[in-house]
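Chains as they are written, first to last, in our numbering: chain A, 3 to 241; chain B, 56 to 140.
Below is one structure, written out as structure tokens; comments come after it.
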């Protein structure tokens with residue numbers, strides 16, 4: 003990969019996706035080249051990063067993400083991940099789709115309050131895997147990102163939950179659990195497959211004009227993804 | 056041969072059913088039932104065309120597992136699956 007080539011992101015657009023434009027704006031601000039990819043696409047190999055944005059794909063019929071997981075592009079995404087071609091990020095409805103399709107363990111169910119919650123939420127961001135040689139504080143950072151969902155309560159059975167914690171897949175936790183998520187889980191990151199899913203919206207926290215507050219912590223997520231993509235271990239040199 | 060299936064899908068008992076709890080709370084408040092332990096589910100009615108009963112059973116099972124149900128959080132029950140007149 004040339005030093006000066008911009009990383010190319012593909013933003014998947016399902017019927018009912020509604021955060022695709024915000025996501026493109028945010029990715030471009032964060033330094034990516036970004037374009038839309040329709041859900042009928044069968045080949046994603048042109049992209050270094052695939053983003054499944056928020057919204058209500060297929061009207062959330064049956065359950066959030068259920069019909070979207072049967073789209074041609076999701077079968078293409080399976081190949082993309084198997085080949086280790088690039089990084090996958092699912093935001094909100096995108097996270098629900100990644101769980102429904104089995105890319106990430108667990109599932110998102112109705113918020114404990116049964117309400118749609120839209121507000122800024124304090125989070126603990128844990129990009130790195132903690133190790134014994136350094137203090138825990140090195141690996142934790144408090145950030146704020148907006149959430150906007152009704153089915154955002156993370157659930158996994160006890161075996162999956164144990165595996166999630168053992169493999170350090172939780173990279174984002176709520177400080178004040180708003181929705182009943184088990185273990186305060188707000189986002190998961192499969193560090194081997196390079197698949198990340200999160201309920202909060204980083205793309206809504208990258209410009210003072212659009213963010214709900216002045217905190218632009220969305221960049222922390224996108225910068226972390228860039229760093230992960232640049233790490234020598236990433237993608238086994240498949241690029 | 057044409058069959059009509061009726062399927063219900065429920066959240067597993069280990070998964071908190073927030074909507075069901077809201078219904079139970081109302082039943083208690085209006086004095087109709089103090090401990091209803093309500094669970095909400097989804098009902099599907101669909102038609103399946105197949106050469107014989109076995110094929111129809113397999114088709115329905117696939118439809119349930121691949122589309123109607125997420126085994127991480129849900130279970131399903133086939134209420135009826137009859138050949139159509």
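C-beta atoms are modelled at their ideal positions from N, C-alpha and C, and glycine is treated no differently.
In chain order, what residues of the same chain lie with their CB nearer than 6 Å to the CB of residue i, ignoring the 5 residues before and after it?
| i | result |
| --- | --- |
| residue 76 (chain A) | 103 |
| residue 29 (chain A) | 11, 36 |
| residue 31 (chain A) | 208 |
| residue 228 (chain A) | none |
| residue 64 (chain B) | 96, 97, 123, 124, 129, 131 |
Does the beta-carbon of residue i have 16 or more other beta-carbons within 10 angstroms, so that it is buried, or is it exposed?
| i | result |
| --- | --- |
| residue 68 (chain B) | exposed |
| residue 238 (chain A) | Any reading at residue 238 (chain A) must be qualified, since the residue scores a pLDDT of 47, below 50, and its modelled position is unreliable; the value itself is stated next. Exposed. |
| residue 108 (chain B) | exposed |
| residue 106 (chain B) | exposed |
| residue 72 (chain A) | exposed |
| residue 224 (chain A) | buried |
| residue 201 (chain A) | buried |
Taking the straight line between their C-alpha atoms, what separation do you get for residue i and residue j?
| i | j | result |
| --- | --- | --- |
| residue 232 (chain A) | residue 130 (chain B) | 42 Å |
| residue 68 (chain A) | residue 15 (chain A) | 15 Å |
| residue 120 (chain A) | residue 58 (chain B) | 44 Å |
| residue 118 (chain B) | residue 20 (chain A) | 28 Å |
| residue 203 (chain A) | residue 9 (chain A) | 21 Å |
| residue 61 (chain B) | residue 104 (chain B) | 14 Å |
| residue 174 (chain A) | residue 140 (chain B) | 55 Å |
| residue 212 (chain A) | residue 85 (chain B) | 45 Å |
| residue 152 (chain A) | residue 111 (chain B) | 36 Å |
| residue 96 (chain A) | residue 138 (chain B) | 39 Å |
| residue 226 (chain A) | residue 162 (chain A) | 25 Å |
| residue 221 (chain A) | residue 171 (chain A) | 20 Å |
| residue 51 (chain A) | residue 79 (chain B) | 45 Å |
| residue 134 (chain B) | residue 159 (chain A) | 26 Å |
| residue 167 (chain A) | residue 115 (chain B) | 36 Å |
| residue 74 (chain A) | residue 81 (chain B) | 43 Å |
For residue i, I'd like the list of residues in its chain whose CB is within less than 7 Å of its CB, leaving aside the five on either flank, ordered along the chain.
| i | result |
| --- | --- |
| residue 216 (chain A) | 210 |
| residue 182 (chain A) | 113, 114, 155 |
| residue 157 (chain A) | 108, 109, 111, 184 |
| residue 253 (chain A) | A question about residue 253 (chain A) goes unanswered here, because the residues of chain A that appear run from 3 up to 241. |
Just checking my contact of residue i with residue j at CB under 8 Å: how many whole Å lie between their CB atoms?
| i | j | result |
| --- | --- | --- |
| residue 98 (chain A) | residue 150 (chain A) | The Cβ separation is near 13 Å, so there is no contact. |
| residue 199 (chain A) | residue 88 (chain A) | Wrong, their Cβ atoms sit about 15 Å apart, outside the cutoff. |
| residue 177 (chain A) | residue 124 (chain A) | 4 Å |
| residue 72 (chain B) | residue 87 (chain B) | Going by Cβ atoms, the distance from residue 72 (chain B) to residue 87 (chain B) rounds to 19 Å, so no, they are not a contact pair. |
| residue 24 (chain A) | residue 38 (chain A) | About 12 Å; that fails the 8 Å criterion. |
| residue 105 (chain A) | residue 131 (chain A) | 20 Å between Cβ atoms; not a contact. |
With a threshold of 8 Å on Cβ separation, who are the neighbours of residue i within its own chain once the five nearest residues in sequence on each side are excluded?
| i | result |
| --- | --- |
| residue 83 (chain B) | 89, 90, 91 |
| residue 179 (chain A) | 186 |
Mind listing, in chain order, the continuous alpha helix (DSSP H) runs of no fewer than 4 residues lying wholly within the stretch 131-201 of chain A? 160-168
Mind listing, in chain order, the continuous alpha helix (DSSP H) runs of no fewer than 4 residues lying wholly within the stretch 4-31 of chain A? 22-31
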